[in-house]
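Here's the structure, in structure tokens; my notes come after.
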Amino acid sequence: MRKMSAIYCRMSGVSTQTTPDMPPIRAWLPTMLLLAAIWGCSFLFISVAVRELHPVYLALGRVLAGSAVLLVVLAFKRQSLPREPRIWMHTFVLGAIGSALPWTLFGYGEQRVPSLLAGIWNGITPLVVLPIAVLVFRTEKFTAQRAIGLLLGFLGMLVVLGAWQLHGGADLTGQLLCMAAACSYGVAIPYQKRFIAGSKLSGTALSASLLLCASVQLAIVAPIVAGHAPPMPWDLSLKVVGSVVALGALGSGIAFVLNLRVIRLVGASMTSMVTYVMPIFAIIVGVLVLDEHLTWYQPVGALIVLFGVAVSQGVLRAVRRGRKPKLPAEPTAAPVG
């Protein structure tokens, strides 16, 4: 979910390498775990909100809340929004494929499947990033190791789907919608790396601009897609209103600030390890709070997917050699769904 600071951390202008002098673990690990918890819990909030809100209006409320938080942060830091038309053009595209579309798709998906399953599907984002980055934007190189990682990840996706017993229906549709949302993140990440990563503007300014663009897009599209005007906040339950605010203010606002703090402390490569923790939080809160249930093959498939991600990113080889993993420049988790 991203919501989108994790996806666009290269916008921060912070070096993607780990800092020369690693700070004490107590200085950054609690913040990283809090970050993973916020993004992992986003799927719970989506599940609660779509009970009363149309998915497209949920996405609209989220981008509006996230925009408001980041604008406050900008004002506090005395920074301005981008002024170059080229930057606004690219953030308009990113607002669509990195915020408006995936957050809407996750909403549709969670009308049909449990939130913990949506959290698992969010974990496939790095597997989508690689082929898009290699074949379309040419920002990465393809290697045998990455090919093996992709094959493992694809196998894990089939296991999560329970491909041997598919019979269609709402469950399959919901899973495919969540998969499509993760694929949208997978396109957005190499896009931002190709066209925006070199910008000297702060990550806060760029992320605020893309959320503002997404707000405009959804404000126009939402009434058409939903077929009715948005409900007034006082017509919704407190749980739903709180979920929308949490998704925007926490998942797309405060989490971004926390993400930048961890990046400054340990670098973006180490920060991207949050990818492996988010699904755990999504599963825990889904089971404990929403009383959701997993079939045996879904967590097994999730582990295979994450193992494929680790292989494709060279994490295992780095650990065996006692080095820090040289991960992609940007954290490969989506924020969120």
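One gets our numbering by counting positions in the sequence shown from 1 and adding 211 to each. We put the beta carbon where it would ideally sit given N, CA and C, even for glycine. Just so you know, these numbers come straight off a predicted model, no measurement behind them.
Boundaries of the alpha helix (DSSP H) in which residue i is found, first to last residue
i, result
"SER448", "No alpha helix (DSSP H) contains SER448, which DSSP labels as neither H nor E."
"SER413", "Premise fails: SER413 is in no alpha helix (DSSP H) and is neither H nor E."
"LEU305", "296–306"
"ARG472", "466–477"
"TRP314", "312–320"
"PRO510", "508–523"
"MET489", "489–501"
With 16 other Cβ atoms within 10 Å as the buried cut-off, status of residue i
i, result
"PRO313", "buried"
"PRO296", "exposed"
"THR354", "exposed"
"HIS301", "buried"
"LYS352", "exposed"
"THR357", "Correcting the residue identity first, residue 357 is Arg in this sequence and not Thr. It is buried - the Cβ of ARG357 has at least 16 other Cβ atoms within 10 Å."
"PHE287", "exposed"
"THR336", "buried"
"TRP445", "exposed"
Simplified DSSP assignment, three categories, for residue i
i, result
"VAL370", "helix"
"LEU292", "coil"
"GLY334", "coil"
"TRP250", "helix"
"ARG273", "helix"
"THR350", "coil"
"PRO235", "coil"
"GLY438", "coil"
"PRO266", "helix"
"VAL549", "Residue numbering for the chain in the displayed model covers 212 to 548; residue 549 lies beyond these limits and cannot be assessed."
"PRO325", "coil"
"LEU361", "helix"
"VAL432", "helix"
"VAL261", "coil"
"LEU505", "coil"
Cβ-based neighbour list, residue i, same chain, cut-off 7 Å, excluding 5 preceding and 5 following
i, result
"GLN428", "GLY306, ALA307, ALA311"
"GLY318", "ILE257, VAL261, PRO266, LEU269, ALA270"
"VAL324", "ASP382, GLY385, GLN386, CYS389"
"SER454", "PHE256, VAL259, ALA260"
Cut-off 6 Å between Cβ atoms - residues of its own chain near residue i, not counting five sequence neighbours on either side
i, result
"ALA493", "GLY251, PHE254, LEU327, GLY330"
"ALA425", "VAL274, GLY306, SER310, ALA311"
"PRO234", "LEU476"
Distance CB(residue i)-CB(residue j) smaller than 8 Å
i, j, result
"ALA247", "VAL488", "yes"
"GLY459", "VAL274", "yes"
"GLY373", "VAL516", "no"
"GLY277", "SER463", "yes"
"VAL370", "TYR508", "yes"
"PRO241", "ALA416", "no"
"LEU499", "LEU245", "no"
Close-in-space but distant-in-sequence residues of the same chain around residue i (CB under 8 Å, 5 per side omitted)
i, result
"SER395", "ILE308, GLY309, LEU312, PRO313, LEU316"
"THR350", "ALA344, PRO401, LYS404, ARG405"
"ALA437", "HIS265, VAL267, TYR268"
Any non-hydrogen atom of the ligand HEM within 7 Å of residue i CB
i, result
"TRP332", "Of the ligands one can find in the structure shown there are none, so the ligand HEM has no counterpart to examine."
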